[in-house]
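Here is the structure we will look at, set down as structure tokens.
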Amino acid sequence: MKPIANIREKLQSYEGQKAFWGFIFVFPWLIGFIVFFMIPLINSLRYSLSNIEASSEGIQITYIGFTNYVQALTVNTTFNRILVESLIDIIVNVPLIVIFSLFLAVVLNQKFFGRSVSRAIFFLPVILASGVIMNLESSSLVQAVNQQAASSSGAINALSSFELERMMLRAGVHETIVLYLSGAVNRIYDIVSQSGVQILIFLAGIQSISPQLYEASKVEGATGYEAFWKITLPMVSPLILVNVIYTIIDSFSRSPVTDVIMSTGFDTFNFGLSSAMAWLYFLSIMLILMVSTYFISKRVFYQE
Amino acid sequence: MKIARLLSLDNWKRWLWSTVRFVLIVGLAFVILYPILQKISTAFKHQKDLYSPVVVWVPEHFSLENFRIAIWIMDYWNTLLNTILLAGITTILTTASCALAGYAFARLKIKGGKILFAGVILTILVPPTTILIPIYMNLREFTFMGIIPLLTGDSVNLLNSYWPFILTAITASSLKAGLFIFIFRQFFKGIPKVIEEAAYIDGAGVGTTFFRIMLPNALPAIVTVMLFSFVWQWNDTFYTTTYLTSSNVLATQLSSLPYNLAIQLDGEAGTNDPFFQSMVQDTGILLSMLPLIIMYLFVQRYFVQSVERSGVVG
Chain X
1 MKPIANIREK
11 LQSYEGQKAF
21 WGFIFVFPWL
31 IGFIVFFMIP
41 LINSLRYSLS
51 NIEASSEGIQ
61 ITYIGFTNYV
71 QALTVNTTFN
81 RILVESLIDI
91 IVNVPLIVIF
101 SLFLAVVLNQ
111 KFFGRSVSRA
121 IFFLPVILAS
131 GVIMNLESSS
141 LVQAVNQQAA
151 SSSGAINALS
161 SFELERMMLR
171 AGVHETIVLY
181 LSGAVNRIYD
191 IVSQSGVQIL
201 IFLAGIQSIS
211 PQLYEASKVE
221 GATGYEAFWK
231 ITLPMVSPLI
241 LVNVIYTIID
251 SFSRSPVTDV
261 IMSTGFDTFN
271 FGLSSAMAWL
281 YFLSIMLILM
291 VSTYFISKRV
301 FYQE
Chain Z
1 MKIARLLSLD
11 NWKRWLWSTV
21 RFVLIVGLAF
31 VILYPILQKI
41 STAFKHQKDL
51 YSPVVVWVPE
61 HFSLENFRIA
71 IWIMDYWNTL
81 LNTILLAGIT
91 TILTTASCAL
101 AGYAFARLKI
111 KGGKILFAGV
121 ILTILVPPTT
131 ILIPIYMNLR
141 EFTFMGIIPL
151 LTGDSVNLLN
161 SYWPFILTAI
171 TASSLKAGLF
181 IFIFRQFFKG
191 IPKVIEEAAY
201 IDGAGVGTTF
211 FRIMLPNALP
221 AIVTVMLFSF
231 VWQWNDTFYT
241 TTYLTSSNVL
251 ATQLSSLPYN
261 LAIQLDGEAG
271 TNDPFFQSMV
281 QDTGILLSML
291 PLIIMYLFVQ
301 RYFVQSVERS
311 GVVG
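Taken in order, these protein sequences are the chains called X and Z.
Numbered according to full-length UniProt numbering, the first sequence spans residues 1 to 304.
Numbered according to full-length UniProt numbering, the second sequence spans residues 1 to 314.
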């Protein structure tokens with residue numbers, strides 16, 4: 001009888017109630033976490049270290065050590081190239097997307113005619129630019145033809161990044177920087193379409209900065225330019241970290257590595273090799289995440 | 001005199017910035033809208049217009065032929081209904097389970113709460129690709145930690161049904177659920193503790209406090225999570241194409257559209273043309289985006305506001 005009385009006593013206190021309900025509330029997630037995350041994760045690690053044979057009696061798993069990893073990196077013809085390409089893609093795109101979305105958030109925060117319409121347009125990619133639509137769009141023939149027609153028509157051509165490139169090279173900017181920037185201009189659709197959520201997050205952050213700071217700085221004679229560097233940027237710096245992480249995570253769904261892993265798994269039924277590839281991908285993403293978090297969090301300004 | 005000149009210089013600067021801003025925003029908006037406009041224009045074109053050098057944007061022969069074929073091949077209305085059903089169910093269940101978990105992590109004391117929350121972060125960080133194959137095999141012979149075979153004597157195959165989506169949604173582990181739990185936790189942390197304590201003094205238990213006080217207050221976060229969840233589920237091909245191989249939802253229909261087009265259109269004369277097929281494919285994409293765009297038109301104001309207030313920013 002005593003333990004029950006004990007529990008009942010515990011439940012009557014506020015703290016006890018909180019602990020009880022806390023357990024109830026977390027319980028569904030905990031089951032999901034174990035069944036749909038932890039067990040698959042461990043299994044995936046196990047598969048990646050073994051040879052899997054599917055037969056009529058079920059699957060047979062034999063431990064073979066790191067053979068799958070070695071095979072993924074050295075024998076498989078496409079995997080290491082695609083992995084490196086997609087990692088470089090992430091490293092190139094993340095700074096562009098974060099800077100671009102911060103800039104747009106600042107612009108969209110100003111008061112001007114048609115602000116709500118333009119906000120609505122800029123968040124449209126959050127809804128449209130994902131998954132299958134993107135994939136099919138890139139293979140659309142009509143679009144490709146139209147684009148060709150447009151780019152050969154001269155008017156747009158004059159504004160393309162080629163002129164810009166020449167101008168910057170003449171001005172003495174280093175070649176890699178020029179190529180990086182002109183590449184960004186050419187991929188403007190990709191960048192815009194990937195930065196919807198990031199713009200939202202920055203916008204929300206900018207709006208939470210107290211207007212008194214800006215008023216005070218204006219009284220002291222700061223220009224808008226100075227206010228951006230001395231107030232806006234430090235205040236949203238924690239969100240830069242958030243957005244960098246979000247951008248890296250968001251790139252999972254577009255990564256060509258995913259296709260390679262899926263096709264190795266489901267087309268050729270080489271589950272072991274596929275799991276090894278998935279783990280290599282996961283580990284390299286983690287590496288990028290840790291390095292960028294380390295460098296950014298050193299510079300982040302927290303109010304506390 | 002001097003002041004007037006200064007004023008005018010300031011004025012000039014303001015005008016210049018307004019112009020630059022205007023050009024920039026219109027240009028970028030055009031970049032975003034371009035593919036959609038392009039698709040709308042293509043969808044109404046007749047096949048003849050494709051080769052006409054005069055036609056760029058406005059078709060010469062308006063026709064609904066593309067829509068007819070795309071609707072026929074995709075089995076559009078049926079598919080649409082399935083997709084709305086699937087996305088709706090997962091959205092409601094995911095929001096409910098994530099709200100509970102988020103509240104527990106924000107306010108209730110759980111043993112090892114910090115470690116568990118690190119688990120939530122881990123689910124955000126691990127690419128879904130890494131765990132897909134074990135989940136796939138798990139669902140093919142679903143045992144639920146060995147409970148189901150005890151009851152029925154055999155494991156069940158959950159693939160090709162909505163069960164994988166329902167189960168992952170109930171247990172807050174569906175698509176990007178970790179992110180939703182994070183949003184809810186940040187939001188609930190922002191609500192003052194005093195409110196809860198007042199409710200407790202007035203005699204409300206933790207459950208009552210959550211359902212009667214915290215949830216109504218969390219409306220912005222709920223709207224944000226529901227919208228994201230609905231949209232991502234709608235567009236998701238990653239899980240959908242693995243869990244559902246033969247069911248009709250828009251995501252699977254779209255990804256097999258090019259293939260179906262090539263097969264179905266083969267019989268009709270004059271349709272065995274890659275450009276025409278591409279035209280129908282564009283129409284199909286437009287048809288599957290249309291419900292989302294219409295929905296967005298109605299909720300976008302609320303969407304922007306709710307993200308601003310939902311404490312994603314924390």
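Yeah, the Cβ is synthetic: ideal placement off N, Cα and C, and Gly gets one too.
message = If you reduce the DSSP assignment to three classes, tell me which class Q110 (chain X) lands in.
response = coil
task = Using a Cβ-Cβ cut-off of 9 Å, state whether E15 (chain X) counts as contacting chain Z.
result = yes
query = Is it right to say P164 (chain Z) is buried, meaning 16 or more other beta carbons lie within 10 angstroms of its own, or is it exposed?
reply = buried
ask   = So, do the stretch 196 to 203 of chain Z and the stretch 132 to 140 of chain Z have three or more beta carbon pairs nearer to each other than 8 Å?
value = no
request  = Assign F301 (chain X) to one of three DSSP states: helix, strand, or coil.
outcome  = coil
Short Cβ contact (9 Å threshold) for V192 (chain X) with F112 (chain X) = no
inquiry  = Buried or exposed, going by whether 16 or more other CB atoms sit within 10 Å of the CB of P40 (chain X)?
reply    = buried
key: Rounded separation between F252 (chain X) and I166 (chain Z) - CA only   = 23 Å
ask   = If the cut is a Cβ gap below 7 Å, which residues of chain Z does F36 (chain X) touch?
value = I135, T168, T171, S173
inquiry  = Which of the three DSSP states is assigned to Y296 (chain Z) in this structure?
reply    = helix
query = Using the beta-carbon count (16 or more within 10 Å), is V35 (chain X) buried or exposed?
reply = buried
query = Hey, would you say G196 (chain X) sits closer than 9 Å to V126 (chain X), going by beta carbons?
reply = yes
request  = Report the rounded CA-to-CA distance for L280 (chain X) versus Y69 (chain X), giving the unit in angstroms.
outcome  = 8 Å
query = Using a C-beta cutoff of 9 Å, does L102 (chain X) count as contacting chain Z?
reply = no
inquiry  = As a quick exercise: from Z:K114, Z:F230, Z:S161, pick the residue whose alpha carbon is nearest that of F182 (chain Z).
reply    = Z:K114
task = Answer with yes or no whether the minimum CB distance from G32 (chain X) to chain Z is below 9 Å.
result = yes
message = Using the Cβ count rule (16 or more neighbours within 10 Å means buried), how would you classify D259 (chain X)?
response = exposed
request  = Return yes when the Cβ of S229 (chain Z) is within less than 9 Å of the Cβ of L254 (chain Z), no when it is not.
outcome  = no
request  = Assess, as a yes-or-no matter, whether the stretch 92 to 105 of chain Z is touched by the stretch 184 to 192 of chain Z under the definition of 3 or more beta carbon pairs within less than 8 Å.
outcome  = yes
key: Touching by the beta-carbon criterion (3+ pairs, under 8 Å), the stretch 197 to 214 of chain X and the stretch 240 to 250 of chain X   = yes
inquiry  = So for I71 (chain Z), helix, strand or coil by DSSP?
reply    = helix
task = Kindly indicate the opening and closing residues of the alpha helix (DSSP H) around G16 (chain X).
result = 14 to 33
inquiry  = Helix, strand or coil, according to DSSP, for I263 (chain Z) in the structure here?
reply    = helix
ask   = For N51 (chain X), which beta-bridge partners are listed by DSSP?
value = X:T62
request  = Less than 8 Å between the CB atoms is what I'm expecting for T168 (chain Z) and G32 (chain X), so what's the real figure, rounded?
outcome  = 7 Å
key: Within-9 Å CB hit, T129 (chain Z) to chain X   = yes
query = Is it buried or exposed for K48 (chain Z), if we count other Cβ within 10 angstroms and need 16 for buried?
reply = exposed
ask   = Taking the C-alpha atoms as reference points, what is the distance between M235 (chain X) and G224 (chain X)?
value = 15 Å
request  = Kindly list, in the order they appear in chain X, the residues whose Cβ is closer than 9 Å to that of G205 (chain Z).
outcome  = Q17, W21
Element boundaries [alpha helix (DSSP H), containing L116 (chain Z)] = 113 to 125
inquiry  = Just to confirm before moving on: does the CB-CB distance between I231 (chain X) and S208 (chain X) stay below 9 Å?
reply    = no
query = What residues in the stretch 279 to 298 of chain X bring their beta carbon closer than 9 Å to a beta carbon of chain Z?
reply = W279, Y281, F282, I285, M286, L289
message = Taking the straight line between their C-alpha atoms, what separation do you get for L49 (chain X) and N43 (chain X)?
response = 10 Å
ask   = What are the start and end residues of the alpha helix (DSSP H) that includes I118 (chain X)?
value = The question names Ile, but residue 118 (chain X) in the sequence shown is Ser. 115 to 128 is the span of the alpha helix (DSSP H), which, as asked, contains S118 (chain X).
message = Contact criterion: CB-CB distance below 9 Å. Does A87 (chain Z) meet it with respect to chain X?
response = no
ask   = Interface residues of chain Z around T258 (chain X) at Cβ under 7 Å?
value = T129
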